[in-house]
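Enquirer:
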Amino acid sequence: MNDIRKFYADVQRIVKYDRSNHGGNYDGMRSSRAVADLFVKESADMKNVALDLADFWFEKYIMTSNEKQNEPTDSHVDWLAGVLSFFDGQDDYAEAVPQEDWKEVCNAIKYEAQDIPLELLSTMMNLLLEKGVF
8 MNDIRKFYAD VQRIVKYDRS NHGGNYDGMR SSRAVADLFV KESADMKNVA
58 LDLADFWFEK YIMTSNEKQN EPTDSHVDWL AGVLSFFDGQ DDYAEAVPQE
108 DWKEVCNAIK YEAQDIPLEL LSTMMNLLLE KGVF
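The opening position of the sequence shown corresponds to residue 8 in our numbering, with each subsequent residue numbered one higher.
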């Protein structure tokens, strides 16, 4: 099971590291890419799905941001935490993921369904059904 608190702490470390290792010149795009990489790493059992969703997140939320230098924002990190929690079969942080994005999550899962353990796949599909994605 993913520890969401650890994920948030690691995100904060990434942001701090970027700022301190680049002479105080923070780059939100660079940090956001590192956070996306962390998301994929934390999703080892769902790596292909996580890669697809990390790209989706980066394109939809980071690349379209009017303040790229301040990315990733708390709400954008919350989105990743919501999906990580979902990957564990939990719905704890689901409110951070908009309804239309759950369709993207569902599509990514359906595409990789053959590589997901059946019990986890069943749990995730039930959660998606409860969200009205189908």
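Where is the CB? At the ideal position from N, CA and C, for every residue including glycine.
By DSSP, does residue 130 sit in helix, in strand, or in coil?
Expert: Numbered from 1 along the sequence shown, position 123 holds the residue referred to as residue 130. It is helical.
Enquirer: Shortest alpha-carbon distance to residue 54 belongs to which of 10, 100, 90?
Expert: Your numbering for residue 54 matches position 47 in the sequence shown. Among 10, 100, 90, the Cα nearest to that of residue 54 belongs to 90.
Enquirer: Where does residue 119 sit, in a helix, a strand or coil, going by DSSP?
Expert: One-based indexing of the sequence shown puts residue 119 at position 112. Correct three-state label for residue 119: coil.
Enquirer: Since residue 111 and residue 63 are thought to touch, with beta carbons under 8 Å apart, how far apart are those beta carbons, to the nearest angstrom?
Expert: Residue numbering aside, residue 111 sits at position 104 when the sequence shown is read from its first letter. Residue numbering aside, residue 63 sits at position 56 when the sequence shown is read from its first letter. Sure, about 6 Å apart at Cβ, within 8 Å.
Enquirer: Take every Cβ of the stretch 21–32, pair it with every Cβ of the stretch 66–74, and state whether three or more of those distances are shorter than 8 Å.
Expert: Segments in contact, no.
Enquirer: Could you check where the alpha helix (DSSP H) with residue 1 kicks off and where it finishes?
Expert: Residue numbering for the chain in the displayed model covers 8 to 141; residue 1 lies beyond these limits and cannot be assessed.
Enquirer: Tell me whether the beta-carbon of residue 45 lies closer than 7 Å to the beta-carbon of residue 17.
Expert: Stepping through the sequence shown from its first residue, residue 45 is reached at position 38. Stepping through the sequence shown from its first residue, residue 17 is reached at position 10. Yes, the Cβ-Cβ distance between residue 45 and residue 17 is below 7 Å.
Enquirer: So what's residue 19 in DSSP terms, helix, strand or just coil?
Expert: Position 12 of the sequence shown, counted from the start, is the residue given in the question as residue 19. Note: residue 19 maps to helix in three-state DSSP.
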